[in-house]
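In the numbering used here, the protein residues as written are 450 to 988.
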């Protein structure tokens, strides 16, 4: 008997609704909306600027809508991925997936429903930005005449399709064995950069009148906006040089011009709607790799994990025979007095082994090569480029810090041990420092030999700052995802481009601010201490 399509749509609706309601009841959803409000405020305050040469548009419905739409499709698409990724993992850990697997639900049905659920969460962020756009136009008061289509069309046709694509890609990443872990969080940042560059590159090749194909490469809508704004600006200033930017913290432009909004045509609308099609394609592709919570697959994984630490069969048999012969032999042996002493070094070694567990030989080979590269390369190349590779390589090791107890539900065991606050937390931090030195320590030796005191101080502070950031984010969030996302963005925007104030490596004098990062390191460690003390109190 064939199932009615209406019943299928109802099941899809209820599954998406349940997934959305589960999200909105979590604290992370409130943090998500708070971030969207913060981004809207930054735009309103003029800290996020869209300009063409030294011009910006009058704050009317068209300009405000375009600004909010581009901010959403450019910046919130990056953050939105990290917000929605993890829905399949949550079903797996809460055992909801096993219940769903017992139903007639197909893999395609599930991945499409998860993509729609992710899209609903991200659409809530778009809604917040739409409200912020309305408030911005009324409060800035440069032009209070309200044109709803000009105000909302960039959010509907630029932001929503981009968000839908991100929502589906998050589901696809979760179904791929390699990308479902922390590596996927790092890969997404570079994929997002590729999407941005892939849209801008055709625009740079078609200055003036773009080809229709350029619209279909446009992920954010930024180049399309540039084409639309170029014509009215040339009427005001014929010397316009096709310079267009959407930046954070730049100086506001001095001149204004009037722009009345996007002149939509069928090709441009189709180019935006195609991203919904790409989102559907990503959701369907995810269904191919989705294991549908197969118990046999999970049992195989558990058996493999257990076989690593399982004692030999002979030892198990001998232990059982001894227990039958003398039941009292199963009693625990008292710990010797020496074991009660503070073996802090052993605790650090244990934390280090936990961080490195599961790494293959090639990981160590690359880490060793990066250490040697920092040591052997010319000093300028070492602190300008090699150290960047050295301090992105262990990101998945650092991200474990502080969150391992929450991930494996060992918090009650760790927190009930003697002197957990005074021993375990510093041991975890020192293990992170050792990993940082093991990959980039060659640069520290070079700076010491070159007697570059300023660079060496900045280097040592960076060695302390990176694990402090990882530990603080792990302790407070209970997840590795926050650090993986934040550190990757920070590494690219600050360290890779040596932006003063954001370059935490501290080895390039022009961009180094070691004093600020020393204070930040102390503050992060203090926050770890307070948070862990609270966790111990309620353990």
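By construction, the Cβ of each residue, glycine as well, lies at the ideal position given by its N, Cα and C atoms.
It should be emphasised that the depicted structure is a prediction, and the values quoted were computed from it without experimental measurement.
DSSP three-state assignment for residue i, whether helix, strand or coil
{"i": "residue 793", "result": "helix"}
{"i": "residue 841", "result": "coil"}
{"i": "residue 706", "result": "strand"}
{"i": "residue 813", "result": "helix"}
{"i": "residue 539", "result": "helix"}
{"i": "residue 930", "result": "helix"}
{"i": "residue 547", "result": "helix"}
{"i": "residue 800", "result": "helix"}
{"i": "residue 700", "result": "coil"}
{"i": "residue 944", "result": "helix"}
{"i": "residue 761", "result": "Confidence at residue 761 is low in this model, with a pLDDT of 47, below 50, so the placement of that residue should be treated as unreliable; the coordinate-derived value is given next. Reduced to three states, the DSSP call for residue 761 is coil."}
{"i": "residue 916", "result": "helix"}
{"i": "residue 953", "result": "coil"}
{"i": "residue 895", "result": "helix"}
Beta-carbon contacts of residue i that lie in its chain and below 6 Å, excluding the five residues immediately before and after
{"i": "residue 709", "result": "511"}
{"i": "residue 606", "result": "721"}
{"i": "residue 638", "result": "937"}
{"i": "residue 921", "result": "973, 976 and 977"}
{"i": "residue 560", "result": "620, 732, 735, 736 and 739"}
{"i": "residue 835", "result": "822, 823 and 826"}
{"i": "residue 845", "result": "631"}
{"i": "residue 478", "result": "472"}
{"i": "residue 567", "result": "533, 616 and 619"}
{"i": "residue 704", "result": "503 and 504"}
{"i": "residue 762", "result": "Any answer about residue 762 is weak, because its pLDDT of 46 lies below 50 and its placement is not dependable; what the coordinates show is given next. Nothing meets the Cβ criterion."}
{"i": "residue 956", "result": "832, 904, 907 and 908"}
{"i": "residue 537", "result": "623"}
{"i": "residue 570", "result": "472 and 533"}
{"i": "residue 852", "result": "923, 927, 928 and 929"}
Where the beta strand (DSSP E) containing residue i begins and where it ends
{"i": "residue 500", "result": "497 to 501"}
{"i": "residue 695", "result": "693 to 697"}
{"i": "residue 474", "result": "Here residue 474 belongs to no beta strand (DSSP E), and DSSP marks it neither H nor E."}
Best match in the options for proximity to residue i [C-alpha to C-alpha]
{"i": "residue 888", "options": "841, 571 and 717", "result": "841"}
{"i": "residue 868", "options": "854, 792, 741 and 581", "result": "792"}
{"i": "residue 514", "options": "905, 957 and 604", "result": "604"}
{"i": "residue 891", "options": "552, 562 and 905", "result": "905"}
{"i": "residue 591", "options": "506, 636, 637 and 800", "result": "506"}
{"i": "residue 463", "options": "520, 482, 944 and 554", "result": "554"}
{"i": "residue 881", "options": "817, 533 and 798", "result": "798"}
{"i": "residue 970", "options": "894, 933, 979 and 917", "result": "917"}
{"i": "residue 503", "options": "701, 687 and 948", "result": "701"}
{"i": "residue 1042", "options": "986, 935, 908 and 928", "result": "This structure gives no information on residue 1042, because the portion of the chain shown stretches from 450 to 988."}
{"i": "residue 684", "options": "566, 706, 618 and 676", "result": "706"}
{"i": "residue 696", "options": "859, 960 and 491", "result": "491"}
{"i": "residue 668", "options": "852, 521 and 952", "result": "521"}
{"i": "residue 596", "options": "711, 929 and 952", "result": "711"}
{"i": "residue 517", "options": "896, 913 and 578", "result": "578"}
{"i": "residue 958", "options": "940, 902, 939 and 646", "result": "902"}
{"i": "residue 854", "options": "691, 803, 484 and 886", "result": "803"}
{"i": "residue 628", "options": "572, 530 and 459", "result": "530"}
{"i": "residue 945", "options": "839, 980 and 864", "result": "839"}
{"i": "residue 484", "options": "574, 939 and 467", "result": "574"}
Chain-order list of residues whose beta-carbon lies under 7 Å from that of residue i (same chain, five-residue window excluded)
{"i": "residue 526", "result": "611, 612, 615 and 641"}
{"i": "residue 725", "result": "610 and 613"}
{"i": "residue 677", "result": "711 and 712"}
{"i": "residue 694", "result": "500"}
{"i": "residue 601", "result": "514 and 579"}
Span of the alpha helix (DSSP H), counted from its first residue to its last, around residue i
{"i": "residue 622", "result": "609 to 624"}
{"i": "residue 727", "result": "715 to 738"}
{"i": "residue 966", "result": "963 to 986"}
{"i": "residue 562", "result": "556 to 589"}
{"i": "residue 599", "result": "597 to 603"}
{"i": "residue 671", "result": "671 to 685"}
Neighbourhood of residue i by C-beta distance below 8 Å, restricted to the same chain and skipping five residues each side
{"i": "residue 796", "result": "872, 873 and 876"}
{"i": "residue 983", "result": "none"}
{"i": "residue 687", "result": "none"}
{"i": "residue 549", "result": "540, 559 and 742"}
Residue i CB to nearest heavy atom of the ligand HEM below 6 Å
{"i": "residue 922", "result": "For the structure depicted, the ligand HEM is absent and the ligand set is empty, with no information on it obtainable."}
- Task: Give, in chain order, every unbroken run of the beta strand (DSSP E) that is at least 3 residues long and sits entirely within the region 480 to 530.
- Result: If we require 3 residues or more, the beta strand (DSSP E) runs fully inside the region 480 to 530 come out as 497 to 501 and 504 to 506.
- Item | In chain order, each alpha helix (DSSP H) run of at least 4 residues that lies wholly inside the region 816 to 887 | Residue ranges of uninterrupted alpha helix (DSSP H) with 4 or more members, entirely inside the region 816 to 887 and ordered along the chain, are 836 to 839, 844 to 847, 853 to 856 and 860 to 864.
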